[in-house]
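Single-structure report; data block below.
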Amino acid sequence: MAYMERGTMTGQALRYLTDSSFAPAGGARPGVAKVGIVFTDGRSQDYIGDSAKKAKEQGFRMYAVGVGNAVEDELREIASQPTGEHYFYTADFKAMTAIAKKLQINICQGLTHTNTHAHTPTRIHTHTCLTELEYWTSPT
Numbered sequence: 001m002a003y004m005e006r007g008t009m010t011g012q013a014l015r016y017l018t019d020s021s022f023a024p025a026g027g028a029r030p031g032v033a034k035v036g037i038v039f040t041d042g043r044s045q046d047y048i049g050d051s052a053k054k055a056k057e058q059g060f061r062m063y064a065v066g067v068g069n070a071v072e073d074e075l076r077e078i079a080s081q082p083t084g085e086h087y088f089y090t091a092d093f094k095a096m097t098a099i100a101k102k103l104q105i106n107i108c109q110g111l112t113h114t115n116t117h118a119h120t121p122t123r124i125h126t127h128t129c130l131t132e133l134e135y136w137t138s139p140t
């Protein structure tokens, strides 16, 4: 999604997530967990309620991370249950490294993958998941 320089449009971002990012045309696959992470630093300038609800109803595991002027009620509305494991807030960017590590652990501990041949859920090994996340999130 291109940066549009029009403020904080969290509802629009959530709609894009549900309608495009996790759609088959966007690369989504059956049996693969759909995990959304929303980062924001301000109050949304559009309505987020319907889009946040839709993401969770479609089975997405939603994490919300707020910095600075982020509105904690909006973050809780976005986050999956239990909220305490899916919602993070910090006053400044100094704590982002610790939050990123908690996100990695929380995401990996909850992931399962469905074996498409046997149609059975299989828990993904946490070490493998963390290694993959380190690969995809490390600066180059």
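Numbering of the sequence shown is given in full-length UniProt numbering, commencing with residue 1 and proceeding in unit increments.
Glycine included, C-beta positions come from ideal geometry on N, C-alpha and C.
In this text the structure is predicted, and so the values were computed from the model without any measurement.
Check: Is Gly49 helix, strand or coil when you go by DSSP?
Finding: helix
Next item on the list: Would you list the one or two residues that DSSP bridges to Phe88?
Entry: Val65
Note to self: If I follow the unbroken beta strand (DSSP E) through Thr40, where does it start and stop?
What the structure shows: Val35 to Thr40
Next item on the list: Note the first and the last residue of the continuous alpha helix (DSSP H) segment covering Ala13.
Entry: Thr10 to Tyr16
Check: Among the residues of its own chain, which have a CB less than 6 Å from the CB of Val35, if the five just before and after it don't count?
Finding: Arg61 and Ile107
Check: Does the distance from the C-beta atom of Gln58 to that of Thr8 stay below 8 Å?
Finding: no
Notebook entry, point to check: Any contact of the segment 47-56 with the segment 12-21, i.e. 3+ C-beta pairs under 8 Å?
Noted result: yes
Note to self: Does the contact criterion of 3 or more C-beta pairs under 8 Å hold for the segment 61-70 versus the segment 87-102?
What the structure shows: yes
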